[in-house]
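In the numbering used here, the protein residues as written are 13 to 166.
Glycine included, every Cβ here is placed at the ideal spot set by N, Cα and C.
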Ligand SMILES: [Zn+2]
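Written as C-alpha cells, this is what we have:
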C-alpha cells in the first residue's frame, strides 16, 4: 500500500516556476524569479518564451490568486500550460513538481496528516485545499490518466 504523508506543502511551495501558454505564439513558456536567491512570493518575476522571444517582467506589491478559479499563473495571469479537462473539471498544475504532488496524492491509498508542531492543523496546507473531486476515490483512475496526458504535453 502506498502511503502519502502530508509534508505541509502549501501552494506557495510551488511558485518557483510556472509553465504557461505564451499569449503571443501559444507555445510553452515559463515564469521564474529574476533573482533565484530571492525566495519571497513578491520577488520580481520574468516571463519568457523561447519560441517567439517574448519577455516581460513583473514587480508589484500584490498577488491575485485564483486557486479554485481560472487556471492561470499568479503574476501575469496567463493560461497555465499543464492542464486538461477531467471529471467535468479542469485539472491543472503550476509546474511539474506541483503535478508530481497531485499525482502522489491521488495515487496514495492511505493518506496521513500530521498537525504542525507549532500551528496545529492548518488549512493552508495544500493537501487540505485540493478540491473534493480530486480527493474522491471514484475519480482516481480518471485523474491518473489525465495526469499522464498532461505529461505528454511537456
Ligand atoms: Zn511565444
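Run the CB neighbour count on residue i, radius 10 Å, all protein chains shown included, and call it buried at 16 or more, exposed below.
i           : result
residue 34  : buried
residue 118 : buried
residue 27  : buried
residue 148 : exposed
residue 54  : exposed
residue 163 : exposed
residue 85  : buried
residue 155 : buried
residue 158 : buried
residue 73  : exposed
residue 61  : buried
residue 116 : exposed
Helix, strand or coil for residue i? Go by DSSP, reduced to three states.
i           : result
residue 26  : helix
residue 145 : helix
residue 45  : strand
residue 59  : strand
residue 161 : helix
residue 150 : helix
residue 156 : helix
residue 91  : strand
residue 69  : strand
residue 33  : strand
residue 116 : helix
residue 101 : strand
Does ligand 1 have a heavy atom nearer than 8 Å to the CB of residue i?
i          : result
residue 36 : yes
residue 63 : yes
residue 41 : yes
Please confirm if residue i has its CB atom under 9 Å from at least one CB of chain B.
i          : result
residue 86 : The structure shown contains no chain B; it holds only a single protein chain.
Checklist entry - Are the stretch 27-43 and the stretch 89-99 touching, with three or more C-beta to C-beta distances below 8 Å? => result The stretch 27-43 is in contact with the stretch 89-99.
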